[in-house]
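Participant: Residue numbers (the numbering used here), protein chains in the order written: chain A, 1002 to 1421; chain B, 8 to 115. Please see the structure below; I have some questions.
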Amino acid sequence: MISLPKRADERWTDRLGMGHGPISLEDTISPEFFELEKEAVFRRSWLFIGRVQQVPRPGDYFTKEIEVLKASLLVVRDKEMGVRVYHNVCPHRGNKLVWDTHAETEQAGRCTMFVCKFHGLGFGTNGDVAKLTDPKAWLDNQGKALHLAEVRFELWHGFIFVNLERGGPSRTLREFLGEHFWSGFDGFAFEDMTERFSARANAKANWKTMIDGFGEVYHAATTHALPFPAAAEMVSAGASFTGDYYGTHGQHRQYVMAGYPSDFYQFDYERITQAFGTGPRHPFAKDYMNLPDGANPTQVKNWGTSSNMFFPNFYLQLYAPGWIVTYAMWPLAYNRMRFEIEMWMPPSRNFSEMLSHKSGISMFLEAALQDFSLLEAQQAGLETRAFDTYPLTDEEVCVRHFHQEIYAAVDKYKQEVAHS
Amino acid sequence: MTALPEPFSELSGFVEKWDLPGTNERYACRLSSSIRELEDFHGALRARLPEIKAYLDGKPFADYTEDDRRLARLVFAWVPVAEAVEVFKQPRVPDSKMYWDVKFEPEV
C-alpha cells in the first residue's frame, strides 16, 4: 500500500508502477472479448448486489438479475433476522420463483412465503418447502426435501457480495478485497446510512465506459461545466482540477479529492436548499468527516469524496459531509449495459434536512446524467475503429489500472483454458 | 385538491400542475414545460421559500396535514425546476435524451 502524498515532480502512473503506453480498445468493442469476460471477470469475482439495509425486516426481499452470468438471485431477511441469498428458481420444475409480468424485471417486497406461479409450491424465508400442492402425489417424499438453492455470499459492512464460481469461491471475500479495504473502513458508520435514493438507466454502451467515466475527476471541468462553474473557471484560469490521491490495491483502486468549503455555493437554489452538486450540505446529526485510513490513506484535508472502485463493476463512493453512493455497471451485451445508482444517507429529521438531501441528490443525478449521456456517443466513436488504442493522462491512472486488470484477468483465463 | 396551508394560499395556482408524487413525474413535468413556465414557478415559490421552510420545520413529519404534505411536494417539484432555470437555462439537461428511472426516494 502506498500512502504517502505524491511529490510535486512525480507522476501517479510511475508511482503506481504502470507504463505510459496506449490502451487497446478491444475490450470495449469486441463481442468475442465480452464472451471471455463473462467467465474470466464476472464468474471469478465477488459481485456486489445490494445492502442489508434493503431488507431491514423479516420477510423483506429483493431479486437481483445478473444477466452476464444468466443468474437470478433472491435476497431475503429470514425470520431469525439473518440475510439469505438463493437462486430465484423453483426447485420443482425450474420456473423463476419471484417475478411479475416481465420475468426479467427485478422485484422487491415483504412476505412470509414465496409461492411458485406454476404449481403453487411455497418456500419459507429459510429456503425450506413450506407448502406442497397435492403432497400425496410426490414420490418417495421428494417434495418435502425441496429447498431453494443457496448462493455463496459474504457481507462487508452490510454490502452483500455473491460468488457464482463453479465449485465454490477460489478466494474469500476478504482475500478478494484485500486488507486495505477489508479492515481499512472500520469505524465509518455505514449502518447509519438508511435513507435511500435509487435510480436506474440502460445505455447502448459497453459496461466499462461508465466505469471509466467515474475513474477520474478532471472531466468535471468540461462535462459538468454548467452545474460546476467553479471547476470550469479554475481550469480556464490555467489551474488543474485533479484528484489529491490515487492508489491501487490488488484488482481495486481508489482516489480521494478535497471538497469545497461547506459554505461555498454557486447558485441561489443551492444556498436556499443547502445543497451542492455533490450532495446535501445540511449537517447530519453525527460528524462523519474523520474518515478511516482505508478511505483516506493520506488523510487529505477537507476531503470531499473518496471513490473506491472494486473489481469488476462496483463503486463505493463516500461524500462529505458523510453519505455514500454505490454504482453498479452490469453488462447486458458487449455494447449494452444497465447502470444502477444507490445513494444512502442518515435519515432526514425535518423538512429542511429532507429538502437539502433531495436537492443534493437532484443535481447529483443531473450531473450523473451528463456523464451517462456521453456513453453512447463514446461507444459509437470507438466502434468506428478510427483508432485501435487510446492514450491516457496521469490523471486517468485509475482508468489505466482498470483495463490492465481486465486484460490480465482475461489472459489468465485463456491460459487456464488452454492448459485444461 | 389544491389547498395549501393558509399562509401560502397564493401559491395554490401551481398545485394542479406541480403536486406530483416523485422525481420521475417532476422531471417529466419539467421537460414538458416551457422555460417561461418554469421561470414563473421558480420565482413565485422562491419568494416564499424561507417562510415555507420555517413553517414546515415547525412540526414533525408525523403531524403534517395533507395540506402540509402538498406544500412539501410543491417545494420538492421546485428543486428540479430551479436547476433548469438557474443552471441549465432550459428544461432538458443539454445533450441528454433520457432521464433516470428513480426507484426509491424519501417523501414526507
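Just so you know, even glycine gets a beta-carbon here, dropped at the ideal spot from N, CA and C. Fair warning: this is a prediction, and the values are worked out from it, not measured in the lab.
Start and end of the alpha helix (DSSP H) containing A1368(A)?
Facilitator: Run containing A1368(A): F1352 to S1374, per the alpha helix (DSSP H) assignment.
Participant: Between C1117(A) and Y1062(A), is the Cβ-Cβ spacing less than 8 Å?
Facilitator: Cβ distance not < 8 Å, so C1117(A) and Y1062(A) don't count as in contact.
Participant: In chain order, what residues of the same chain have a beta carbon less than 8 Å from the beta carbon of Q1055(A), not counting five sequence neighbours either side?
Facilitator: Hits under 8 Å: D1061, F1063, V1076, A1109 and R1197.
Participant: Which residue comes first and which comes last in the beta strand (DSSP E) that contains P1032(A)?
Facilitator: That residue, P1032(A), is in no beta strand (DSSP E); its alpha helix (DSSP H) goes P1032 to E1038.
Participant: Are R76(B) and V22(B) touching if we call contact CB-CB under 8 Å?
Facilitator: No, they are not a contact pair.
Participant: Between P1230(A) and A1368(A), is the Cβ-Cβ spacing less than 8 Å?
Facilitator: Result no, Cβ atoms of P1230(A) and A1368(A) do not sit closer than 8 Å.
Participant: If we cut at 8 Å on Cβ distances, does E93(B) have a partner in chain A?
Facilitator: Closer than 8 Å to some Cβ of chain A, the Cβ of E93(B) qualifies, so yes.
Participant: Near A1150(A), which residues of its chain fall below 8 Å by C-beta distance, leaving aside the five closest residues on each side in sequence?
Facilitator: Cβ within range, chain order: Y1087, H1088, V1090 and P1092.
Participant: Scan the region 1227-1245 of chain A for residues whose Cβ lies nearer than 8 Å to a Cβ of chain B and list them as they occur along the chain.
Facilitator: The region 1227-1245 of chain A vs chain B, Cβ under 8 Å: L1227 and P1228.
Participant: Y1270(A) and A35(B): beta carbons closer than 8 Å?
Facilitator: Taking 8 Å as the Cβ cut-off, Y1270(A) and A35(B) do not qualify as a contacting pair.
Participant: Can you tell me whether DSSP reads S1237(A) as helix, strand or coil?
Facilitator: In this structure, S1237(A) counts as helix in the three-state DSSP scheme.
Participant: Name the residues in the region 1306-1329 of chain A whose C-beta lies less than 7 Å from a C-beta of chain B; which are they?
Facilitator: Against chain B - using a Cβ distance shorter than 7 Å - the region 1306-1329 of chain A contributes no residues.
Participant: Leaving out the 5 sequence neighbours to the left and right, which residues in its chain are closer than 7 Å to F68(B) when beta-carbon positions are compared?
Facilitator: Cβ neighbours of F68(B) beyond the five flanking positions: V115.
Participant: Run through DSSP, which three-state label would L1140(A) get?
Facilitator: In the structure shown, L1140(A) sits in a helix (DSSP, three-state: H, G or I).
Participant: Does DSSP put R99(B) in a helix, in a strand, or in coil?
Facilitator: Coil, per DSSP.
Participant: Comparing the C-beta of N1351(A) with each C-beta of chain B, is any distance below 8 Å?
Facilitator: Output row for N1351(A): interface = yes.
Participant: Kindly list the residues whose CB is nearer than 7 Å to the CB of Y1246(A), restricted to its own chain and excluding five residues on each side of it in sequence; keep chain order.
Facilitator: These residues qualify, in order along the chain: Y1256, V1257, P1298, T1299 and V1301.
Participant: Can you check whether the CB of P1347(A) is closer than 8 Å to the CB of F1285(A)?
Facilitator: It is a contact, given that the beta carbons lie within the stated cut-off.
Participant: Taking all protein chains shown into account, do 16 or more other C-beta atoms lie within 10 angstroms of the C-beta of G1125(A), making it buried, or fewer, making it exposed?
Facilitator: By the 10 Å Cβ count, G1125(A) comes out buried.
Participant: Would you call the region 1024-1035 of chain A in contact with the region 1289-1296 of chain A, where contact means no fewer than 3 C-beta pairs closer than 8 Å?
Facilitator: At 8 Å Cβ cutoff, the stretches do not touch.
Participant: Taking all protein chains shown into account, do 16 or more other C-beta atoms lie within 10 angstroms of the C-beta of H1103(A), making it buried, or fewer, making it exposed?
Facilitator: It counts as exposed.
Participant: Reducing DSSP to helix, strand and coil, say where L1048(A) ends up.
Facilitator: Reduced to three states, the DSSP call for L1048(A) is strand.
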